[in-house]
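In our numbering, the protein residues as written are 1111 to 1815.
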């Protein structure tokens, strides 16, 4: 817990100013005007007092200890200010001054020097290049932002100071309560992981909301964020893609992944709710802060207008929520007081002449209906509506019912509903300008609730032959070749109990025929070369060869053509393999993200991956349930189940293969990329098999240094 940063007893302001246009004045004025209770110690070479506070020419003149020092002097003076702060007893510092890492090499060097001074002095630093820190619970506004929101249970961390200013101004205008607001700028010392951990322990924070451009420590972030999400919701707006995600990747998995996919997979693992944009960040955070989590995905929509009700129903169904009909008991209760012209299914339309009492009765019926998990109340300001009275009565009805299920409001309109929206905020009922935004927030609540209810993670360990894999990888590294072609890749997979069809490498056409005769026709012939990754592009695959003549002709022609198309390629020969049964082609893969480690990929083959890019990702290691969730996460999952006349396939075989890849790439961190493309899977009872595979190792020797 960063006690001296968030709850300091005494604060020094180094670089305080008498000029209202300076940051040094704004920070000092904010501390004074927001009623900070402890000593405030301004430091200014030329002033005797500012805003009624005695000024000091140096912090050394002040004889009592301080907890927090805020530094706003010119860049070349920051080091001295930091050292004087440490001498004065500060355990936390906020460096608002800019001009460090963000401006180039010299700035980065100066910033690193500040970090080293802090570490030597046992001090934690926020910044540099930041807005500062606000704690409404402690009456401490150590920022230069002009607006302050009311106290609340949402705490915000942000890499962008400018966005923090906008958040504070917007929250003040919306009267949305915030607890802590932390702008951490260059995060030279303290970063998002430290603040998530601190806010998870903070009893005054109910929801953690964050804006991040990058994540500094991927594995530590995963661990801390998962611990925090187990306690309270963590909602993150992540923007930007790291350069690592833009690298040229040789595998399908690598080219489809990118850093943004890695962040999505990391957030999913850790239980972090990802906001798609600024509006969603606070749509979600507000719902989490004000309402209980739903027990399921069954939602009821109550409306006084058909169109907005249909909008809500469309949004709900599109997001996977369930629009179930009210129970028979609820239907009877609704018919007892609603006009015959109303709609009694879902949405429940109390029609345009509904007064607040009719609305509230419908809400109370749905609140007591055990077949409903959440309620969305859609209101348009018609003559009988009385929005302000309705807001008050909805709040009272929710409290009477014990607020046992979430209610989200959609009071649509402008001036007619302005007072009602303010009242809803005061009553702890989140309001959204449109049905789709309310439903999206509810979807986020359902996802988080499901994550919290998930069973304990149990990763299966399969018996495997690691000695065989060690031999192959060691030989590959000794040869200096990082690309593991089909022959060796399949041997590795066979060691992890994948079904690999019989086959062998042939150096000439006679050997090819001999192998084919031994394993039995029909066979497949594929070129084997570390320089040819995508074999089909070079005419390096021939299937369904039924006799010796076809094998011989295919071998000779393939070698001739490829030598012309790729004259510099090293040709190891032709791989002759038993022709497998037909089935559904899927792609299984892995790419190693520099931040979060091995990221597994699943998708259907052909157009689904090439054109639609219909794939899902998950960080390894994965559980059996997570493997199945990867399958369900694709848009084409229904085809695997047997939709549109297709035969259903063995889903457990795919999930099991993903778990085995997970174990392999966890066991061998030197495997940087892996593709099984395609993996052929048939119906239950027909053994799936690896049709083609390849892997990429890290730079030779790197993993063993």
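From the three backbone atoms N, C-alpha and C, an ideal C-beta is built for every residue, glycine too.
query	result
Length of the line joining the Cα atoms of residue 1772 and residue 1740	13 Å
At least three beta-carbon pairs within less than 8 Å, the stretch 1721-1733 to the stretch 1757-1774	yes
Collapsed DSSP secondary structure at residue 1244 in the structure displayed	strand
Test item: CB-CB of residue 1347 and residue 1373 under 7 Å	no
Residue from 1521, 1487, 1339, 1713 with nearest C-alpha to residue 1557	1339
Minimum length 3: unbroken beta strand (DSSP E) runs contained in the stretch 1482-1555	1484-1489, 1517-1521
Terminal residues of the beta strand (DSSP E) in which residue 1731 lies	Careful: residue 1731 lies outside any beta strand (DSSP E) and carries neither H nor E.
Endpoints, the alpha helix (DSSP H) within which residue 1227 is located	1215-1231
Reference residue 1509, options 1696, 1482, 1477, 1671, closest by Cα	1477
Check whether residue 1517 and residue 1485 have beta carbons under 7 Å apart	yes
Three-state class that DSSP yields for residue 1561 in the structure shown	helix
C-alpha distance - residue 1342 paired with residue 1307, whole-angstrom precision	11 Å
Best match in 1511, 1202, 1157 for proximity to residue 1176 [C-alpha to C-alpha]	1202
Check: residue 1483 C-beta below 6 Å from any heavy atom of the ligand HEM	As presented, the structure is devoid of all ligands, the ligand HEM included, so that no description of it is given.
Limits of the alpha helix (DSSP H) - the one that residue 1196 falls within	1188-1197
Sequence-distant residues of the same chain with beta carbon closer than 6 Å to residue 1328, five excluded per side	1705, 1706
Outcome for residue 1103 when other beta-carbon atoms lying within 10 angstroms are tallied against a minimum of 16	Here the chain comprises residues numbered 1111 to 1815, so residue 1103 is not present and cannot be evaluated.
Proximal residues to residue 1568 (C-beta, below 7 Å), its chain only, five neighbours per side dropped	1733
Residue 1614: first and last residue of the uninterrupted beta strand (DSSP E) it sits in	1613-1616
Cβ-Cβ distance between residue 1700 and residue 1710 below 7 Å	yes
Residue 1468 versus 1449, 1790, 1678, 1480, residue with shortest Cα-Cα distance	1449
Whole-Å CB distance - residue 1798 paired with residue 1790, under 8 Å assumed	6 Å
C-alpha gap between residue 1786 and residue 1702, whole angstroms	15 Å
Test item: CB-CB of residue 1394 and residue 1344 under 7 Å	no
Rounded separation between residue 1384 and residue 1236 - CA only	24 Å
Reduced DSSP category for residue 1665 - H, G, I as helix; E, B as strand; rest coil	helix
Paired residues, beta bridge with residue 1714 - DSSP	1696
Cα-Cα separation between residue 1209 and residue 1800, rounded to whole angstroms	55 Å
Beta-carbon proximity of residue 1241 to residue 1271, cut-off 7 Å	yes
Minimum length 4: unbroken alpha helix (DSSP H) runs contained in the stretch 1308-1360	1328-1339
Cβ-Cβ separation, residue 1645 to residue 1684 (assumed contact under 8 Å), whole Å	Residue 1684 to residue 1645, Cβ: 11 Å. No contact.
Classification of residue 1166 by the beta-carbon crowding that lies within 10 angstroms, buried from 16 upward	buried
Within 7 Å, strictly: CB atoms of residue 1408 and residue 1438	no
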